[in-house]
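Chains as they are written, first to last, in our numbering: chain A, 194 to 305; chain B, 146 to 260. C-beta: ideal position from N, C-alpha, C; glycine also. Working notes for the structure below.
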């Protein structure tokens with residue numbers, strides 16, 4: 194069990210550029226979550242997948258954000274036309290049930 | 146609206162003493178609670194959890210207490226060690242019939258354990 198992995202760990206981009214993050218969950222975990230954490234706050238829910246189906250999206254997820262989980266394994270989170278307010282830590286978590294979620298190390302995004 | 150609140154931004158204790166971290170929630174539908182520990186530049190690490198049908202759960206040095214009537218839970222660490230220094234997050238599972246399992250987090254409490 195290698196745990197949840199996320200790539201890249203850090204991303205610096207210029208405002209207006211598109212970025213994509215990847216999350217590889219713990220194998221056989223059918224549920225995958227994306228959260229966003231800003232300084233001084235706890236993680237905030239963005240979206241949830243059960244297998245390949247995206248079943249819930251937060252209102253925080255504007256139309257510039259899109260997430261996919263093809264084949265129900267890894268997931269990608271894309272942000273189009275990045276804004277400075279998108280700077281945050283993006284966290285991925287997975288679980289096989291509806292209880293304990295296991296988090297990856299996160300991707301730190303800085304938008305200049 | 147902050148449904149899960151950790152009102153103490155920071156806590157400092159001496160090594161070997163007890164650390165008590167508190168968390169309050171507002172939604173009576175929450176049925177599962179978790180504590181995570183987070184070091185800088187890392188993702189949250191699961192510590193301990195408790196179901197709403199229980200009032201106490203213990204795992205080694207960590208004990209979580211749940212008071213449903215007060216909508217309050219606390220994490221006790223005994224004895225505290227310098228390696229416990231981190232940010233601690235309380236989280237609640239929203240539950241419900243369409244349980245997606247999404248977690249709602251508090252703002253976190255930074256614990257410093259002094260040698």
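Environment of residue i [buried if 16+ CB atoms lie within 10 Å]
i, result
"residue 262 of chain A", "buried"
"residue 288 of chain A", "buried"
"residue 259 of chain B", "exposed"
"residue 256 of chain A", "exposed"
"residue 230 of chain A", "buried"
"residue 268 of chain A", "buried"
"residue 210 of chain A", "exposed"
"residue 215 of chain B", "exposed"
"residue 183 of chain B", "buried"
Close Cβ partners of residue i (< 8 Å) along its chain, the five nearest in sequence each way excluded
i, result
"residue 224 of chain B", "160, 161, 162, 163 and 206"
"residue 227 of chain B", "160, 258, 259 and 260"
"residue 251 of chain A", "237, 238, 239 and 240"
Own chain, CB closer than 7 Å to residue i, minus 5 neighbours either side, in chain order
i, result
"residue 249 of chain A", "240 and 241"
"residue 244 of chain A", "223 and 265"
"residue 208 of chain A", "275, 276, 277, 304 and 305"
"residue 259 of chain A", "271"
"residue 298 of chain A", "199 and 202"
"residue 221 of chain A", "289"
Residues that DSSP places opposite residue i in a beta bridge
i, result
"residue 203 of chain B", "B/208"
"residue 295 of chain A", "A/287"
"residue 147 of chain B", "Looking at the DSSP assignment, residue 147 of chain B forms no beta bridge with any residue, so it has no partner."
"residue 229 of chain A", "A/237 and A/283"
"residue 302 of chain A", "A/204 and A/281"
"residue 198 of chain A", "A/217"
Cβ neighbours of residue i in the same chain (closer than 6 Å, five flanking residues each side left out)
i, result
"residue 166 of chain B", "220, 233 and 254"
"residue 257 of chain B", "157 and 230"
"residue 178 of chain B", "195, 218 and 237"
"residue 213 of chain A", "269 and 271"
Entirely enclosed alpha helix (DSSP H) segments - the stretch 220 to 248 of chain B, minimum 4 residues:
none
Chain-ordered residues of the stretch 258 to 286 of chain A with a beta carbon less than 9 Å from chain B:
282, 284, 285 and 286
Unbroken stretches of the beta strand (DSSP E), 3 residues or longer, contained in the stretch 241 to 266 of chain A:
246 to 250 and 258 to 261
Which residues, in order along the stretch 163 to 192 of chain B, keep a beta-carbon less than 9 Å from a beta-carbon of chain A?
177, 179, 181, 183, 186, 187, 188, 189, 190 and 191
Determine which residues of the stretch 289 to 301 of chain A have a Cβ less than 8 Å from any Cβ of chain B, and write them out in chain order.
Legend: CB atoms of the stretch 289 to 301 of chain A lying less than 8 Å from CB atoms of chain B belong to residues 290, 291, 292, 293, 294, 295, 296, 297, 298, 299 and 301.
Going along the stretch 209 to 238 of chain A in order, which residues come within less than 9 Å of chain B, judged by CB to CB distance?
224, 226, 228, 230, 233, 234, 235, 236, 237 and 238
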